[in-house]
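To start, the structure itself, in structure tokens.
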Amino acid sequence: MDQTVHFNTDTDYNKTLLHTFFSNQSDFGERQFFMIELNKSCTFYFLKSRTNFTTLMSFIQKLEKITPSLFQDVPQEEIVQKSLQTYSYQTTYNLSDCIRFIFEGKSVLIIDQSAEVYIFDTADNLKRGLEDSSSEKVIRGPKLAFIESINDNVGLIRQLTRDQNIIVKEHKLDVQNNEKLIQYLYNQKEVSDELLKEVDKRLSSIKTSNLEDSGMLEELIEDNSLSPFPQMQNTERPDRVIAALNEGRVAMFIDGSPFALIMPTTFDLLLQSPDDYYERWLAASFIRMLRYLSIFITLFLSAFYISLVSFNQGLLPTELAITIAGTRQNIPFPPFIEAIIMEITIELLREAGIRLPTPLGQTIGLVGGVIIGQAAVEANIVSSLMVIIIAITTITSFTVPQYSFGLSFRMLRFGAMISAAIFGLFGTVCFFIWISIHLASLKSFGTHYFSFEFSISRKKFLDLFLRLPKKIKSAQ
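Under numbering that gives the first Met the number 0, the first residue of the sequence shown is numbered 0, with each subsequent residue one higher.
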């Protein structure tokens, strides 16, 4: 059906238009009532699955009780017209607008012999309550997390900051009458004009509105879709968003997703956690240094083992070389095959643990890893030292605060192992150089990944690696 048509004063024609379009929708409903003072029949049209019937009935009761006869000097039609405009969301003459409003959960009122259709906001928006973040756990700090309602998420930021410099901008994606709402926030005193122009430019380039989560939006507006590294932060935590706004960055929400996108981002920001600033600075600095060490262990420990055992045995101390040789007796596979077998097994266990219910998933991950590792050693499939190395790399991969960032290192670990298996230690070093070059050339909304722009601009360069006391930072 052509949705560009307009309603007219023929009531049967108007009703036929709606019935024809929604003929295959089993949750399409209508409610007819009589407006006494107007002496006309009226009909509400709505989707039963999206409508709050308590709100709908309250509107019907109000419309039934309109009494323009109490006003002696005002025409009856004018009083009814003003009452309808007061109660209604807005009016329209267009069928396409009417259909879009119905799918949004609103109800459409058609009055006999009237070409003007009234829209009433009767949507029943289902949403869950505020809970703790499931993807960004902190020991000490706020426990609130975003939900799927974009208005509630922005309202939560407003509630926690009360900063008059925080500006909210709206962008609507409307493709084939499928509308998706995006809102982005920034601190007008801190943000740069170039960043805002870049955000507007990339949002304007989106040609689809079928976006169920911020991850789909991220893929459409990121700088390099072929890079294994995320070029935007995603978070469920309001305190992380507030900190980013105060640093001059932009936070973006999409309706239906509990994850906010923060842009731009740099390498150092992805290794910082909100609870770094809630614990004492010495402990937080120690943990942050461990994170930097852990990403190197995650990425290169298995590759170094393969290089030293397969190609560069002369670099090992004699006693250590003898110990490694002893653990590899009766092992039929080279170190690379050992590592691949164990790494794939651990990744499968990790994925299974995520998909299973929480208590059962943790049990499967722990018990499965222990049993499989012990059985593999006893069956002489892998050496005991290899099991220890894989266990260490697995543990260190969990220390990265940003899940998508840690996933990048887990994936690149296989590339480092392949380079080590082919070229030895030389291949491992070349792989490290390639990653460094790629990260140095990678950009996030015009900001270089290795620029450390948001740390240097705050005169807190050491805050890259340490969490300095607030007194020292304020003195700087």
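All residues carry an ideal CB built from backbone N, CA and C; glycine is no exception.
These figures come from a predicted structure and were not determined experimentally.
Length of the line joining the Cα atoms of L159 and Y276: The residue labelled residue 159 in the question sits at position 160 within the sequence shown. The residue labelled residue 276 in the question sits at position 277 within the sequence shown. About 17 Å.
Straight-line gap, S256 to E337 (C-alpha atoms, nearest Å): Start at 1 with the first residue of the sequence shown, and residue 256 comes out as number 257. Start at 1 with the first residue of the sequence shown, and residue 337 comes out as number 338. So the two alpha carbons sit approximately 41 Å from each other.
G154 versus Y92: straight-line alpha-carbon distance, rounded: The count along the sequence shown starts at 1 and reaches residue 154 at position 155. The count along the sequence shown starts at 1 and reaches residue 92 at position 93. G154 and Y92: Cα-Cα distance of roughly 33 Å.
Rounded separation between L482 and I343 - CA only: Absent from the structure is residue 482, since the part of the chain shown begins at 0 and ends at 475.
C429, buried or exposed, once every other Cβ within 10 Å from all chains shown has been counted against 16: As a first step, residue 429 must be located in the sequence shown, where it is residue number 430. It counts as exposed.
Same chain only: Cβ atoms within 6 Å of R30, ignoring 5 sequence neighbours per side: Start at 1 with the first residue of the sequence shown, and residue 30 comes out as number 31. Cβ within range, chain order: F43.
M416 and F335 closer than 8 Å at C-beta: In the sequence shown, the residue the question calls residue 416 occupies position 417. In the sequence shown, the residue the question calls residue 335 occupies position 336. Yes, the pair counts as a contact, with Cβ atoms nearer than the cut-off.
Residue nearest to L202 in terms of C-alpha spacing, selected from F258, K126, L216 and S106: Translated into positions along the sequence shown, residue 202 becomes position 203. For the residues F258, K126, L216 and S106, the minimum Cα distance to L202 belongs to L216.
Buried or exposed by the 16-neighbour rule on C-beta atoms within 10 Å, applied to Q475: Mapped onto the sequence shown, residue 475 falls at position 476. With a pLDDT of 48 at Q475, under the threshold of 50, the modelled position of this residue cannot be trusted, and the question is left open.
C-beta atoms of R157 and E278 nearer than 8 Å: Your numbering for residue 157 matches position 158 in the sequence shown. Your numbering for residue 278 matches position 279 in the sequence shown. No, these two residues do not count as a Cβ contact at 8 Å.
Beta-carbon contacts of S309 that lie in its chain and below 8 Å, excluding the five residues immediately before and after: As a first step, residue 309 must be located in the sequence shown, where it is residue number 310. Within the same chain, P333, P334, F335, A419, A420 and G423 come within 8 Å of S309 by CB-CB distance, once the 5 residues on both sides are set aside.
Unbroken alpha helix (DSSP H) run spanning F119, endpoints: Along the sequence shown, read from residue 1 onward, the residue named residue 119 stands at position 120. Run containing F119: none in the alpha helix (DSSP H); it sits in the beta strand (DSSP E), V116 to F119.
Closer than 7 Å: R409 CB and nearest the ligand GTP heavy atom: The ligand GTP is absent from the structure shown, which contains no ligands of any kind.
Distance, P400 Cα to E135 Cα: Numbered from its first residue, the sequence shown carries residue 135 at position 136. Numbered from its first residue, the sequence shown carries residue 400 at position 401. E135 and P400: Cα-Cα distance of roughly 7 Å.
Short Cβ contact (8 Å threshold) for L300 with L307: Counted from its first residue, the sequence shown places residue 300 at position 301. Counted from its first residue, the sequence shown places residue 307 at position 308. Not a contact, by the Cβ cut-off of 8 Å.
Rounded distance between the beta-carbons of Y86 and F45, thought under 8 Å: The residue given as residue 45 occupies position 46 in the sequence shown. The residue given as residue 86 occupies position 87 in the sequence shown. About 15 Å separates the two Cβ atoms, so there is no contact after all.
CB contact flag (I146, K126, <8 Å): One-based indexing of the sequence shown puts residue 146 at position 147. One-based indexing of the sequence shown puts residue 126 at position 127. Yes, these two residues count as a Cβ contact at 8 Å.
Proximity to I90 [Cα-Cα], best of T207, L17 and V107: Locating residue 90 in the sequence shown gives position 91, counting from the first residue. In the sequence on display, residue 90 carries Thr and not Ile. Answer by Cα proximity: V107.
Exposed unless 16 or more other CB atoms sit within 10 angstroms - verdict on Q175: Start at 1 with the first residue of the sequence shown, and residue 175 comes out as number 176. Exposed, by the Cβ-count rule.
Boundaries of the alpha helix (DSSP H) in which K61 is found, first to last residue: Stepping through the sequence shown from its first residue, residue 61 is reached at position 62. Taken as a continuous stretch (DSSP letters only), the alpha helix (DSSP H) holding K61 covers F52 to E63.
DSSP-derived helix/strand/coil call for E135: Stepping through the sequence shown from its first residue, residue 135 is reached at position 136. It is coil, neither helix nor strand.
Cβ pair L289, T398 closer than 8 Å: For the purposes of this step, residue 289 is identified with residue 290 of the sequence shown, where counting begins at 1. For the purposes of this step, residue 398 is identified with residue 399 of the sequence shown, where counting begins at 1. Cβ distance < 8 Å, so L289 and T398 count as in contact.
With 16 other Cβ atoms within 10 Å as the buried cut-off, status of L16: Start at 1 with the first residue of the sequence shown, and residue 16 comes out as number 17. Buried, by the Cβ-count rule.
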